[in-house]
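Some notes on the structure that comes next.
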Amino acid sequence: MAKIRKHFYFSGRVQGVGFRFQACRIAQGLGLTGYVQNLWDGRVELEAQGEERVIWDLVSMLHKQPYIRIEDMETADMELKEERGFQMAN
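See the structure below:
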């Protein structure tokens, strides 16, 4: 399967509830690369690279996490990047 890269902004109850930790744990387990970080405006930014189906598996699993409530999600396609692993920023 071909790799793609997606950029996401998540809003709702997404900071202070373990979103970054869970995103990193799940993405690493799925073999995705990218990063997740909190933004100053209360949103969370995430970039994920891998098979499209697997990226959407990550998003689906995040929706099912306790305490996390995703109320809005913006997404965009991006160019692939050379990187290793999935990182949690700030």
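For the sequence shown, the residue numbers in the numbering used here are 71 to 160. The beta-carbon is built from N, C-alpha and C at its ideal position, and this holds for glycine as well.
Output the residue ranges of the alpha helix (DSSP H) runs that lie fully inside the segment 75-111 and measure 4 residues or longer, sorted by chain position.
-> 89-100
Met-143 versus Met-71, Ala-72, Val-114 and Gln-92, residue with shortest Cα-Cα distance | The residue you call residue 143 lines up with position 73 of the sequence shown. It is Val-114 whose Cα lies nearest to the Cα of Met-143.
Three-state secondary structure assigned by DSSP to Glu-122 | Against the sequence shown, residue 122 aligns to sequence position 52. Note: Glu-122 maps to helix in three-state DSSP.
Would you call the segment 80-90 and the segment 125-143 in contact, with 3 or more CB pairs under 8 Å?
-> yes
How should Lys-73 be labelled, buried or exposed, when 16 other C-beta atoms within 10 angstroms of its C-beta is the threshold for buried?
-> What you label residue 73 is simply residue 3 of the sequence shown in a count that begins at 1. Its Cβ having fewer than 16 others within 10 Å, Lys-73 is exposed.
For Arg-123, is the classification buried or exposed, using 16 other Cβ atoms within 10 angstroms of its Cβ as the cut-off for buried?
-> By one-based count along the sequence shown, residue 123 stands at place 53. The residue is exposed, with fewer than 16 neighbouring Cβ atoms inside 10 Å.
Nearest to Asp-111 (by Cα), restricted to the options Glu-121, Gly-120, Gln-98 and Arg-83 = Taking the first residue of the sequence shown as 1, we reach residue 111 at position 41. Looking at the Cα atoms, Arg-83 is the closest of the given residues.
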